[in-house]
Amino acid sequence: LPLADGRALRGRLSVELGPDDVPPFVAAPAWYPAFTESALSQFDGLDQADHVLVNSFRDLEPLEADYMESKWGAKTVGPTLPSFYLDDDRLPLNKTYGFNLVSNMAPCMTMAWLDKQAPCSVLLASYGTVANLETTQLEELGHGLCNSGQPFLWVLRSNEADKLPQELHEKCNNKGLIVPFCPQLEVLAHRATAGCFLTHCGWNSTTEAIVTGVPMIAIPQWADQPTAAKYVESAWGIGLRARRDQKGLVRREEMERCIKEVMSGEEYKRNSSKWMQKAKEAMQEGGSSDNNIADFAAKYSLRPII
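Quick note, the working numbering runs 5 ahead of the 1-based positions in the sequence shown.
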C-alpha cells in the first residue's frame with residue numbers, strides 16, 4: 006500500500022481497476038488509519054491458515070479464484086445463501102438465514118404490497134444497515150425514484166427517513182412504499198421485483214441479486230463496494246454504476262437515466278439470468294462450490310479407528 010489502482014494486479018483480475026474502483030483505505034492508507042489497521046488485521050495469519058474459504062464461485066471470478074488458490078490454497082464455497090433460493094433439492098425448506106433482528110410487521114406489509122404489483126415492475130432501493138447518506142443525497146434519490154415512473158420499494162431506516170422533507174416523503178409514498186426493513190432475499194426473489202435493485206453493492210447484497218437474477222444500479226459508498234460495483238458493470242454486465250457529479254452527489258437526473266436503462270435493458274436481463282443459473286449450478290450437487298465444501302468436510306469427518 007498505497008495501491009492507487011489495479012495496474013499492479015494485471016493478469017490476476019477479471020477487470021482492470023481504476024482509482025475509483027479500489028477501497029479508499031487501499032488507495033490512501035492514511036485516509037483513516039484506525040479503519041486501515043482494523044481491515045488489514047483481519048488477514049493476520051492468512052499465510053499460516055490451513056484452509057481459506059471464499060464466499061464466491063469459480064465461474065464468477067476465475068482469475069481471482071485461481072490466484073488465491075495458488076497463493077493460499079483458497080477454495081470458493083459460495084454463494085452461501087439458503088438452499089431454497091439455490092434450487093437445491095437436498096434442503097428444500099431452508100429459506101432463511103436463521104435469524105431476524107426486527108419485528109415481522111414490516112416484512113408482512115412489504116410482501117402484501119408486492120403481491121399487488123405487476124411482474125418485473127418494482128425497483129428495490131436498499132443501502133444496507135449502516136449507510137448514512139447526507140440529506141441532499143437522500144432528497145436527490147427520492148426525487149429520482151419518484152420521477153422514474155416505476156413503482157419502488159425504498160428501504161429507509163427511520164432516522165434516515167426523518168431527513169426527507171414531508172412533501173417528498175408523501176410523494177414517495179404515493180408512488181411507492183417506504184419501509185424501515187424488508188426481508189431482502191425474499192423481496193429480490195419476488196416476481197414483481199425482478200426489474201432492478203438499487204444497492205450500495207455490499208457483497209452479501211450483490212450475491213443475493215446474482216442468485217435471484219435481478220439487475221443492479223450500484224451506488225457504492227466505501228470499503229469493497231466500489232470494487233464490487235466495477236465487477237457488476239464491467240465484468241458481469243448485470244448493471245450500471247451511477248455516476249457522481251463534481252460535488253460527489255448522484256443527482257436525480259442520473260438516477261432516472263440509470264433506472265430507465267437498466268429496467269428496459271434486455272442485455273442486463275439476459276446476463277443476470279445467465280449468472281443466476283451459474284450461481285445455482287455451483288452450489289448444487291456436483292457443482293464447483295459443492296465439491297469444495299465436500300472436500301473440506303471430508304478432511305474433518307470422523308473415521309473409524311483401526
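The beta-carbon is built from N, C-alpha and C at its ideal position, and this holds for glycine as well.
Examine the Cβ distances between the stretch 263 to 278 and the stretch 200 to 207 and report whether three or more of them are shorter than 8 angstroms.
-> Taking 8 angstroms as the limit for Cβ pairs, the verdict is that the stretch 200 to 207 does touch the stretch 263 to 278.
Sequence-distant residues of the same chain with beta carbon closer than 7 angstroms to G244, five excluded per side = Against the sequence shown, residue 244 aligns to sequence position 239. Closer than 7 angstroms at the Cβ level, and outside the excluded window around G244, lie P220, M221, I222, A223, V237, E238, V267 and Y273.
Quick one: which unbroken alpha helix (DSSP H) runs of 4-plus residues sit fully inside the stretch 42 to 106? Chain order, please.
-> Runs of alpha helix (DSSP H) with 4 or more residues, each lying fully within the stretch 42 to 106, are found at 67 to 77, listed in chain order.
What residue does the beta strand (DSSP E) around S131 start on, and which one ends it?
-> Position 126 of the sequence shown, counted from the first residue, corresponds to residue 131. Residues L128 to S131.
Beta-bridge pairing of V160 - partner residues as DSSP gives them | Counting from 1 along the sequence shown, the entry for residue 160 is found at position 155. V184.
Where do the ends of the beta strand (DSSP E) carrying A346 lie?
-> There is no way to answer for residue 346, as the model of the chain reaches only from 6 to 311.
Which term fits N164, buried or exposed, when burial requires 16 or more other beta carbons within 10 angstroms of its beta carbon?
-> By one-based count along the sequence shown, residue 164 stands at place 159. N164 is exposed by the Cβ-count criterion.
Quick one: grab the DSSP three-state call for A223.
-> Looking up residue 223 in the sequence shown gives position 218. When DSSP states are grouped into helix, strand and coil, A223 belongs to the strand group.
Express the C-alpha separation of K180 and C151 in angstroms, rounding to a whole number.
-> Along the sequence shown, read from residue 1 onward, the residue named residue 151 stands at position 146. Along the sequence shown, read from residue 1 onward, the residue named residue 180 stands at position 175. Rounded to the nearest angstrom, the two C-alpha atoms are 6 angstroms apart.
By the 10 Å Cβ neighbour count, where 16 or more other Cβ atoms means buried, how is H205 classified, buried or exposed?
-> By 1-based counting over the sequence shown, the position of residue 205 is 200. Buried, because 16 or more other Cβ atoms sit within 10 Å of the Cβ of H205.
Tell me, please, whether the stretch 170 to 187 touches the stretch 147 to 161 by the rule of three or more beta-carbon pairs shorter than 8 angstroms.
-> Flag = yes, the stretch 170 to 187 and the stretch 147 to 161 touch.
Can you check whether the CB of A247 is closer than 8 angstroms to the CB of W208?
-> To locate residue 208, count along the sequence shown from 1; it is residue 203. To locate residue 247, count along the sequence shown from 1; it is residue 242. Inclusion of W208 and A247 in the CB contact set at 8 angstroms is not warranted, their separation being larger than that value.
Closer than 6 angstroms by C-beta to Q289: which residues in its own chain qualify, once you throw out the five before and the five after it? Chain order, please.
-> Position 284 of the sequence shown, counted from the start, is the residue given in the question as residue 289. Excluding positions up to five away in sequence, the list reads D93.
Return the first residue and the last residue of the beta strand (DSSP E) that G244 is part of.
-> In the sequence shown, counting from the first residue as 1, residue 244 sits at position 239. In the DSSP assignment, G244 falls within the beta strand (DSSP E) that extends over G244 to R246.
How long is the line joining the alpha carbons of L51 and M73, rounded to whole angstroms?
-> Indexing the sequence shown from 1 puts residue 51 at position 46. Indexing the sequence shown from 1 puts residue 73 at position 68. In a straight line, the C-alpha of L51 is about 11 angstroms away from that of M73.
Compare the C-alpha of R63 against each of K285, T101 and S278 and name the closest.
-> What you label residue 63 is simply residue 58 of the sequence shown in a count that begins at 1. The option with the nearest alpha carbon to R63 is K285.
For the alpha helix (DSSP H) that T204 lies in, which residues bound it at each end?
-> Here the question's residue 204 lines up with position 199 in the sequence shown. Unbroken run through T204 is the beta strand (DSSP E), C201 to T204; no alpha helix (DSSP H).
Between the C-alpha atoms of H56 and G78, what's the straight-line distance to the nearest angstrom?
-> For the purposes of this step, residue 56 is identified with residue 51 of the sequence shown, where counting begins at 1. For the purposes of this step, residue 78 is identified with residue 73 of the sequence shown, where counting begins at 1. So the two alpha carbons sit approximately 7 angstroms from each other.
DSSP three-state call for L119: helix, strand or coil?
-> Position 114 of the sequence shown, counting from 1, holds the residue named residue 119. In the three-state DSSP reduction, L119 falls in the helix class (H, G or I).
Give the DSSP-derived three-state secondary structure of R17 in the structure shown.
-> Taking the first residue of the sequence shown as position 1, residue 17 is located at position 12. Residue state for R17 is assigned as coil, using DSSP reduced to three classes.
Quick one: Cα of A35 to Cα of G23, how far?
-> Within the sequence shown, numbered from 1, the residue matching residue 35 stands at position 30. Within the sequence shown, numbered from 1, the residue matching residue 23 stands at position 18. Near 19 angstroms, if we compare the C-alpha coordinates of G23 and A35.
If we ignore side chains and look at the alpha-carbon of each, how far apart do D26 and V82 end up?
-> As a first step, residue 26 is located in the sequence shown; it is residue number 21 there, counting from the start. As a first step, residue 82 is located in the sequence shown; it is residue number 77 there, counting from the start. Taking the straight line joining both Cα atoms gives about 25 angstroms.
L119 to G242, Cα distance in whole Å?
-> Here residue 119 corresponds to residue number 114 of the sequence shown, with the count starting at 1. Here residue 242 corresponds to residue number 237 of the sequence shown, with the count starting at 1. Whole-angstrom Cα-Cα distance: 27 angstroms.
With a cut-off of 8 angstroms, does the C-beta of V184 fall near any C-beta of chain D?
-> This model lacks chain D altogether, as it is built from one protein chain only.
Taking the Cβ atom as the reference point for each residue, do T140 and K121 lie within a distance shorter than 8 angstroms?
-> The count along the sequence shown starts at 1 and reaches residue 140 at position 135. The count along the sequence shown starts at 1 and reaches residue 121 at position 116. Cβ distance not < 8 angstroms, so T140 and K121 don't count as in contact.
Measure how close the beta-carbons of L193 and A166 come, nearest whole angstrom, since I'm counting them as under 8 angstroms.
-> By 1-based counting over the sequence shown, the position of residue 193 is 188. By 1-based counting over the sequence shown, the position of residue 166 is 161. Not a contact, Cβ separation roughly 21 angstroms.
Take S126 as the anchor and find which of A228, Q47, A54 and A197 has the nearest alpha-carbon.
-> To locate residue 126, count along the sequence shown from 1; it is residue 121. Taking only the C-alpha atoms, the option nearest S126 is A197.
How big is the Cα-Cα spacing for A299 and G253?
-> Position 294 of the sequence shown, counting from 1, holds the residue named residue 299. Position 248 of the sequence shown, counting from 1, holds the residue named residue 253. Rounded to whole angstroms, A299 and G253 show a C-alpha spacing of 46 angstroms.
Applying the criterion that 16 or more other CB atoms from any shown protein chain within 10 Å of the CB defines a buried residue, is M114 buried or exposed?
-> Position 109 of the sequence shown, counted from the first residue, corresponds to residue 114. Exposed, because fewer than 16 other Cβ atoms sit within 10 Å of the Cβ of M114.
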